[in-house]
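Residues in the sequence shown are numbered consecutively from 212, following the numbering used here. Just so it is clear, CB atoms sit at the ideal spot from N, CA and C, and this is done for glycine as well. For reference, the structure discussed in these notes is given below.
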Amino acid sequence: MRKILIILILTLTVSGCSSAAGNYLKENKSTLDMNSPDLELLTPDLADTEIILAGEYHAVAGNFTAKYGLMTTLHKEAGIRYLLCEMGHGIAGLLNQYMETGKAETLDFIFEELKGSGAWSIEHREFWERLREYNLQQPKDERIIVIGIDVEHQFRAALYYLTTLNGADELPLLQDIKLQDWDDFTNFVFELQKERANKPEKYSDALAEDLFYFDDVVENLVNRIAVAEADQQAMYIREQAMYENFLKFHEHLPAGKYFGQFGMAHVFQEQCASDMEGVERLAMYLQRDDSPVRDQVISIAYIYINSKMSSWQNDYRELAVQDQFTDTRPVERQASADFTLFKLNSAESPYAEEPLLIPGPYRGVTTDYFQYVLAIKNSPATTPYGPWE
């Protein structure tokens with residue numbers, strides 16, 4: 212009898228929490244048309260926010276619809292100009308060149324290099340084509356700028372980007388890059404790093420204002436090697452590198468605000484059970500006491516309902532999205548459109564009282580981890596960019 216009573220109490224408690232969460236979400240949601248989303252629900256937080264980080268599961272088609280709608284609307288309505296990306300600045304720099312010139316061959320090259328990753332999709336390319344068209348309609352000094360803060364995963368693209376910098380033709384090492392294997396790559400990167408250190412004036416004279424981008428990419432090629440060779444420490448190296456890269460760009464570029472869409476684990480502002488358990492994540496770094504953007508970071512978690520992803524680890528097979536959140540039923544019941552935004556940090560929010568949704572929380576409540584949820588409903592998987600062999 213005692214066991215039955217305990218089970219009954221637990222069941223009623225969970226049911227009560229779910230009911231309270233559902234009632235709250237019903238009054239704190241907004242359906243979004245991502246062609247022109249109304250972000251009024253987000254507006255109260257924008258004045259005190261410098262960075263908005265959205266967390267996705269990769270290779271879901273709806274991610275790119277959301278990314279375009281959020282970025283362009285935040286640009287128009289909140290002046291957010293900097294698009295942070297989960298890529299090295301080698302790729303990001305080439306994307307900025309494409310946004311300026313419209314040369315299709317630049318995108319062709321980028322997507323050749325992305326093959327084998329979750330970013331190798333038709334929807335991803337279409338996102339950049341749409342964003343360029345949007346950018347062309349803006350005053351030149353207000354256009355969106357792409358910033359890559361990850362290590363250089365696509366190292367061939369990163370090295371090619373270095374050859375496109377102003378003054379690169381004055382640096383012989385960049386004129387004859389021949390890489391046959393990983394050893395060639397590591398040897399070349401360390402040689403480039405050594406020459407830069409030994410001949411600082413040569414590089415600063417040749418590259419001038421592009422020296423900053425050269426140094427960033429070379430450092431993140433070195434970080435790429437460290438991640439590949441680190442085994443258990445790889446995640447620690449990568450998260451720290453992303454934060455340090457953000458700090459560099461934050462100091463180098465004119466003051467402005469940022470929007471970024473990253474893998475889910477990177478945007479949680481506290482620790483919880485996940486494949487990054489125990490690792491200080493990008494969003495946690497941004498909330499450090501010594502961070503220039505502490506208490507100015509908003510995280511949005513994407514929750515998927517009846518949606519598919521393309522599994523790039525398995526020949527791009529289509530799979531159902533399996534997220535790690537706990538009891539998403541209140542969100543699912545209130546998600547009345549393909550895209551529904553929920554604000555979790557309003558007054559009397561149950562998400563500000565308990566760690567609802569959070570898998571294996573270390574401490575705190577839901578809003579210590581993220582402050583909004585975007586429910587993405589009925590999204591297909593991304594379409595592989597080409598035939599996979």
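Helix or strand or just coil, what does DSSP make of Lys314?
coil
Strictly by DSSP, which residues pair up with Ile587?
Tyr515, Phe550
Proximity below 8 angstroms, CB of Tyr573 to CB of Cys483:
yes
Let me make sure I understand the geometry here. Which of Ser521, Phe479, Gly571 has the alpha-carbon closest to that of Ala592?
Ser521
Which residues DSSP lists as bridging Glu529, in chain order
Ser521
Secondary structure, beta strand (DSSP E): runs of 3+ residues fully inside the stretch 423-474:
469-474
Please list the segments of the beta strand (DSSP E) lying wholly inside the stretch 297-383, counting only runs of 3 or more residues, in order along the chain.
356-359
Looking only at its own chain, which residues have a Cβ that is under 6 angstroms from the Cβ of Leu281, when we skip the five neighbours before and after it?
none
Here's a check: name, in chain order, each residue in its chain whose Cβ is nearer than 8 angstroms to the Cβ of Asn431, leaving out the five neighbours to either side.
Gly299, His300, Gly301, Asp361, Val362, Glu363, Ala369, Ala452, Asn456
With DSSP run on the structure shown, which of helix, strand or coil describes Pro570?
coil
How big is the Cα-Cα spacing for Leu295 and Asp395?
30 angstroms
Classify Gln545: buried if its beta carbon has 16 or more other beta carbons within 10 angstroms, exposed otherwise.
buried
Opening and closing residue of the beta strand (DSSP E) in which Ser241 lies
240-242
Buried or exposed (CB count within 10 angstroms, at least 16 for buried), Glu261:
buried
Among Ser415, Gln349, Asp427, nearest to His463 - alpha-carbon criterion
Asp427
Are the CB atoms of Ala586 and Val532 within a distance shorter than 8 angstroms?
no
I'd like to confirm something about Glu564: is its beta-carbon nearer than 7 angstroms to some heavy atom of the ligand NAD, or not?
No copy of the ligand NAD appears in this structure; indeed no ligand is present at all.
Contact set for Asp506: own chain, Cβ-Cβ below 6 angstroms, skip 5 residues either direction:
none
Three-way DSSP call (helix, strand, coil) for Pro595 in this model
strand
Buried or exposed for Gly571, please, with buried defined as at least 16 other CB atoms from any protein chain shown within 10 angstroms of its CB.
exposed
Cα-Cα separation between Val357 and Ala330, rounded to whole angstroms:
16 angstroms
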